[in-house]
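Last residue of the sequence shown: number 382 in my numbering, and the count goes up by one each step with no gaps. Ideal Cβ placement from N, Cα and C applies to all residues, glycine included. Everything on this sheet refers to the single structure shown next.
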Amino acid sequence: MDIFMKTKEVHIRISERRFNKIKNHATLKEKTVTQIIEDYIDRLPNTQIDDSLNIPCTE
(Lines of atoms letter the chains of each structure in order from A and count residues from 1; the text may use other names and numbers.)
(Lines give C-alpha, C1' and ligand atoms only; values in the text may rest on other atoms or scores of the structure.)
Protein backbone atom coordinates (compact mmCIF):
# COMPACT_ATOMS: atom_id res chain seq x y z
CA MET A 1 0.00 0.00 0.00
CA ASP A 2 1.33 3.42 -0.95
CA ILE A 3 1.99 5.65 2.08
CA PHE A 4 1.00 8.73 0.05
CA MET A 5 -2.23 7.20 -1.28
CA LYS A 6 -5.17 9.60 -1.40
CA THR A 7 -8.19 8.26 0.42
CA LYS A 8 -11.92 8.87 0.22
CA GLU A 9 -14.57 8.24 2.82
CA VAL A 10 -17.72 6.23 2.14
CA HIS A 11 -20.71 6.32 4.46
CA ILE A 12 -23.30 3.60 4.01
CA ARG A 13 -26.48 2.53 5.73
CA ILE A 14 -26.68 -1.19 6.43
CA SER A 15 -28.70 -3.28 8.82
CA GLU A 16 -27.32 -4.03 12.25
CA ARG A 17 -27.26 -7.71 11.27
CA ARG A 18 -25.00 -7.01 8.28
CA PHE A 19 -22.79 -4.69 10.29
CA ASN A 20 -22.34 -7.33 12.99
CA LYS A 21 -21.65 -9.95 10.33
CA ILE A 22 -18.82 -7.98 8.70
CA LYS A 23 -17.46 -6.83 12.06
CA ASN A 24 -17.32 -10.45 13.31
CA HIS A 25 -15.71 -11.58 10.05
CA ALA A 26 -13.08 -8.85 10.36
CA THR A 27 -12.35 -9.84 13.95
CA LEU A 28 -11.93 -13.51 12.99
CA LYS A 29 -9.53 -12.52 10.19
CA GLU A 30 -7.70 -10.06 12.49
CA LYS A 31 -8.45 -7.22 10.07
CA THR A 32 -10.40 -4.00 10.18
CA VAL A 33 -13.79 -3.62 8.52
CA THR A 34 -12.08 -1.23 6.08
CA GLN A 35 -9.55 -3.93 5.13
CA ILE A 36 -12.33 -6.47 4.54
CA ILE A 37 -14.24 -4.06 2.30
CA GLU A 38 -11.06 -3.15 0.40
CA ASP A 39 -10.33 -6.86 -0.14
CA TYR A 40 -13.78 -7.37 -1.67
CA ILE A 41 -13.48 -4.26 -3.84
CA ASP A 42 -10.10 -5.48 -5.10
CA ARG A 43 -11.81 -8.69 -6.29
CA LEU A 44 -14.14 -6.74 -8.61
CA PRO A 45 -13.25 -6.77 -12.30
CA ASN A 46 -11.28 -3.76 -13.50
CA THR A 47 -13.37 -1.19 -15.32
CA GLN A 48 -12.44 1.85 -17.31
CA ILE A 49 -14.55 5.00 -17.33
CA ASP A 50 -15.20 6.69 -20.68
CA ASP A 51 -14.96 10.32 -19.54
CA SER A 52 -16.82 11.67 -22.56
CA LEU A 53 -19.87 9.49 -21.87
CA ASN A 54 -19.40 8.95 -18.15
CA ILE A 55 -20.23 5.27 -18.69
CA PRO A 56 -18.13 2.46 -17.18
CA CYS A 57 -16.59 0.17 -19.79
CA THR A 58 -15.30 -3.32 -18.93
CA GLU A 59 -11.69 -3.93 -19.90
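When you compare each of the options to residue i by their alpha carbons, which one comes out closest?
i: residue 297; options: 327, 356, 330; result: Here the chain comprises residues numbered 324 to 382, so residue 297 is not present and cannot be evaluated.
i: residue 330; options: 367, 353, 361, 339; result: 361
i: residue 339; options: 347, 333, 332; result: 347
Using 8 Å for Cβ pairs, my map puts residue i next to residue j. What's the rounded Cβ distance?
i: residue 345; j: residue 359; result: 6 Å
I want to check one thing, is the minimum distance from the CB of residue i to the heavy atoms of the ligand NAP below 6 Å?
i: residue 342; result: Although the ligand NAP was asked about, the structure shown includes no ligands whatsoever.
Can you tell me whether DSSP reads residue i as helix, strand or coil?
i: residue 357; result: helix
i: residue 350; result: helix
i: residue 344; result: helix
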